[in-house]
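S.K.: The opening residue of the sequence shown carries number 194 in our numbering; numbering runs sequentially from there.
Heads up, the beta-carbon is just placed ideally off N, CA and C, and yes, glycines get one too.
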Amino acid sequence: DHAYRKIRLRAEDVQGKNVLTNFWKTTDNYTLRLFCIGFTKRRPNQVKRTCYAQSSQIRQIRRKMREIMTAQATSCDLKELVQKFIPEVIGKEIEKATSSIYPLQNVFIRKVKILKAPKFDLGKLMEVHGDYSEDVGVKVERPADETMAEAPAEVVGA
């Protein structure tokens, strides 16, 4: 469902087949810059094809967006914040809060930049990724009669 999400990660450590990554000012001292986008929505009985908000309404909407994004980002750590990005919880909350100013649709957090990250700590990284076990494959036995049937055949006319 969320296959169009593009999340770029920075590899911190490699252990076997697992690459341990850290997601990029939350409660765990990350300073982030969130970019939000939203589109105005036509009212139900509107005849005009376009729907432009007035500049005063735009300022109010942006102020409300900023308040909601800072409240969400400062109230949780980075792992919880990423869990909010995937189902677009913040975008839906902005849509609901700004509907009284001007109805919006398709409100998304379109980009997140990490401005400042805390010093790398392997212990903290392992705490985030501690639920991994070693993945070991199982050898699959193939019947002997199928391998004989797949012998290379001569190509005529080549």
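Can you tell me whether DSSP reads GLN239 as helix, strand or coil?
M.R.: Correct three-state label for GLN239: coil.
S.K.: Tell me the DSSP bridge mates of VAL305?
M.R.: Answer is LEU227.
S.K.: Leaving out the 5 sequence neighbours to the left and right, which residues in its chain are closer than 6 Å to MET311 when beta-carbon positions are compared?
M.R.: The sequence given here places Pro at residue 311; Met does not occur at that position. Answer for PRO311: ASN222, listed in chain order.
S.K.: Would you grab the beta carbon distance between ILE143 and ILE261 for me? Rounded to a whole angstrom, and I think it's under 8 Å.
M.R.: Summary: the structure shown does not reach residue 143, with the chain confined to residues 194 through 351, and so no result is reported for it.
S.K.: Using the rule of at least 16 other Cβ atoms within 10 Å of the residue's Cβ for burial, across every protein chain shown, is GLY284 buried or exposed?
M.R.: Buried is the call here.
S.K.: According to the neighbour-count rule (16 or more other Cβ atoms, all chains shown, within 10 Å of its Cβ), is VAL305 buried or exposed?
M.R.: VAL305 is buried by the Cβ-count criterion.
S.K.: Quick check on GLN247: does DSSP put it in helix, strand or coil?
M.R.: Coil, per DSSP.
S.K.: Go through the region 267-307 residue by residue and report every complete run of the alpha helix (DSSP H) that reaches 4 residues or more, in order.
M.R.: Taking only runs of at least 4 residues, the alpha helix (DSSP H) segments lying wholly in the region 267-307 are 271-278, 282-291.
S.K.: If I'm right that PRO296 touches LYS234 with Cβ under 8 Å, what's the distance once you round it to whole angstroms?
M.R.: Going by Cβ atoms, the distance from PRO296 to LYS234 rounds to 4 Å, so yes, they are a contact pair.
S.K.: Excluding sequence positions up to five away, which residues of its chain have a Cβ less than 7 Å from the Cβ of GLN247?
M.R.: Within the same chain, GLN247 has no close Cβ partners at all.
S.K.: Does the Cβ of VAL331 have 16 or more other Cβ atoms within 10 Å, making it buried, or fewer, making it exposed?
M.R.: Exposed, because fewer than 16 other Cβ atoms sit within 10 Å of the Cβ of VAL331.
S.K.: Could you tell me if VAL300 is buried or exposed, where buried requires 16 or more neighbouring beta carbons within 10 angstroms of its beta carbon?
M.R.: Buried, because 16 or more other Cβ atoms sit within 10 Å of the Cβ of VAL300.
S.K.: Helix, strand or coil, according to DSSP, for VAL349 in the structure here?
M.R.: Here VAL349 sits in coil by DSSP.
S.K.: At the level of alpha carbons, what is the spacing between ILE294 and GLY231?
M.R.: Each residue's Cα considered, the two are about 13 Å apart.
S.K.: Report the partner residues of THR233 according to the DSSP bridge assignment.
M.R.: THR233 is bridged to LEU297.
S.K.: Whose CA, out of ALA290, THR224, SER249, ILE302, lies closest to the CA of THR267?
M.R.: Here the closest residue by C-alpha is THR224.
S.K.: DSSP state of ARG335, grouped into three classes?
M.R.: Coil at ARG335, not helix or strand.
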